[in-house]
Amino acid sequence: MHKKLGRNDLCWCGSGKKYKKCHEAFDERILEFQLAGHVVPPHSIIKTPEQIEGMRRSSEINIAVLDYVAEHIREGITTEEIDRWVYDITVSRGGIPAPLNYEGFPKSVCTSVNDQVCHGIPSPDVVLKEGDIVNVDVSTIYRGYFSDSSRMFCIGQVSEEKRRLVEVTKECVEIGLREVKPWGFLGDMGQAVHEHAVKNGYTVVREIGGHGIGLEFHEDPWVSYVSRRGTEMLMVPGMVFTIEPMVNMGGDGVYVDESDGWTIYTEDGSPSAQWEIMVLVTEDGCEVLCY
Ligand code: MF3
Ligand code: CO
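Heads up, the sequence shown is in the working numbering, so the first residue is 22 and it goes up one at a time.
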């Protein structure tokens, strides 16, 4: 998989340093995991410092958009209005909303209410009402770099059981994040997320996961939140991926709304919550780039 470089050749990472002084030891360490049968990351998804800086700038816009949503979302607004905010703020800061026209998605943001799991399409017909829980999933392209994060919002007074679902789902992300460090496995994170959800009586959606991100909206690896410790891709410094579990109050089954081709619902109509962050694996742990 990794082309064999001479020790005195320039490193593949673009640092301008000789391979032996740069990523040679790193590659040897990855090779050992590969020989032991693990899934390992290709060089193509390992970000350079310059790319990481680009993703940080993109994330700044994404975070600003979600901060604006957090301040203005309330009972009586439509999800169409949220879409308008997202479009206007993103574009005014020189960004492009990544969802717009992505594989035909018609809007700038995903808004998923109550039993909508994800990929809800903003609409003038969806008026937020007291007691709703809503996920707003924002993604930005800035100078070619992608960022992606989502938050939950409770509209007015929300039932205790829905509030708890939202809270526990956020905890799932925080607990998963603690497992993100170099030379661990994505399954370490996935199992931690899953266990916390199950411990609280919830299920985690299996068919839809997170993803690598950076130069594309969705890069390898695909990220599961029902995986097991010691399995799935090895985490190495420079990898960037999302933690975005979808946690259901009822069963884990979901289906796609055939009429719009996008919106995912829980099969049993129970509420679902999701928070999403974008995380960089560093030399000594990780850094949250976007939230
Ligand atoms: N933002 C979603 C994610 O977290 C992807 C949405 S794709 C869209 O991966 F087309 F629905 F916007
Ligand atoms: Co995502």
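Positions of the beta carbon are idealized from the N, C-alpha and C atoms, including for glycine.
Contact annotation: I73 and D241 have beta-carbon atoms that are not nearer than 8 Å.
Following the DSSP letters along the chain, one finds E216 inside the alpha helix (DSSP H) bounded by residues 207-220. For E297, the Cβ falls inside the 7 Å cut-off from some heavy atom of the ligand CO. By DSSP's assignment, V277 forms a beta bridge with I285. CA-to-CA, the gap between I84 and N156 works out to about 15 Å. The Cβ atoms of Y166 and G37 do not sit closer than 8 Å to each other. Residue C193 holds the alpha-carbon nearest to the alpha-carbon of Q212 among C193, N221, K202. Per DSSP, P70 is not a residue of any beta strand (DSSP E); the alpha helix (DSSP H) it occupies stretches across 70-93. Annotation for E53: the continuous alpha helix (DSSP H) segment containing it runs 45-56. As computed with DSSP, L255 is found in a beta bridge with F206. With a beta-carbon spacing of about 4 Å, A294 and T190 fall inside the 8 Å limit used to define contacts. For R172, the enclosing beta strand (DSSP E) starts and ends at 166-175.
Looking at the backbone, the Cα of I264 and that of G231 are separated by about 6 Å.
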